[in-house]
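Residue numbering for the sequence shown follows numbering that gives the first Met the number 0, beginning at 0 and increasing consecutively.
Here a beta-carbon is modelled for each residue, glycine too, at the ideal position from N, C-alpha and C.
Since the structure is predicted, the reported quantities are computational estimates derived from the model, not experimental observations.
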Amino acid sequence: MRIARALVVSVTVSVLGGCSALAPYPTYPRTVGPGEEATAPRVAICYDTLVSTLDEVQVAAQQECPSDTTATPFDTDWHLQYCPLLLPARATFVCAAKK
């Protein structure tokens, strides 16, 4: 009985502590496709569409862009090559020069 209770408590603590693991984080941006120009750097953010707001994703992208640029949304995909199952969306941003 003690082992079962300890196991339940351990799993609960792990799950609650792992919630911060769902925060948006940078990954590899989508490659430049045919006919697209690669004039500005790109950044990409993995995020969970159910947990993260678009504002949080925008802030994470802006932190990855150089300070004299603005993170402008470019594309979103749900391929699991670069983002894990728990954070399946990948938003790609272009770091455009500030006007």
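When DSSP reads this structure, Thr68 sits in a beta bridge with Ala96. The beta carbon of Pro23 lies closer than 7 Å to those of Ile44, Cys45, Tyr46, Ser51, Glu55, Val56 and Ala59 in the same chain, with the five residues before and after it left out. The beta carbon of Val42 is closer than 7 Å to those of Pro25, Pro28, Ala60, Glu63, Cys64, Ala70, Phe92 and Cys94 in its chain, skipping five residues each way along the sequence. Unbroken beta strand (DSSP E) stretches of 3 residues or longer found wholly inside the stretch 28-55: 41-46, given in chain order. Inter-residue distance for Thr48 and Asp76 is about 11 Å (C-alpha atoms, whole angstroms). Residue pairing by DSSP places Pro25 opposite Ile44 in a beta bridge. Listed as beta-bridge partners of Arg89 by DSSP are Cys45 and Asp76. Excluding residues up to 5 positions away in sequence, Thr26, Tyr27, Ala43, Cys45 and Arg89 lie with their Cβ nearer than 8 Å to the Cβ of Tyr81 in the same chain.
One Cα belongs to Glu35, the other to Phe73, and the distance between them is close to 11 Å.
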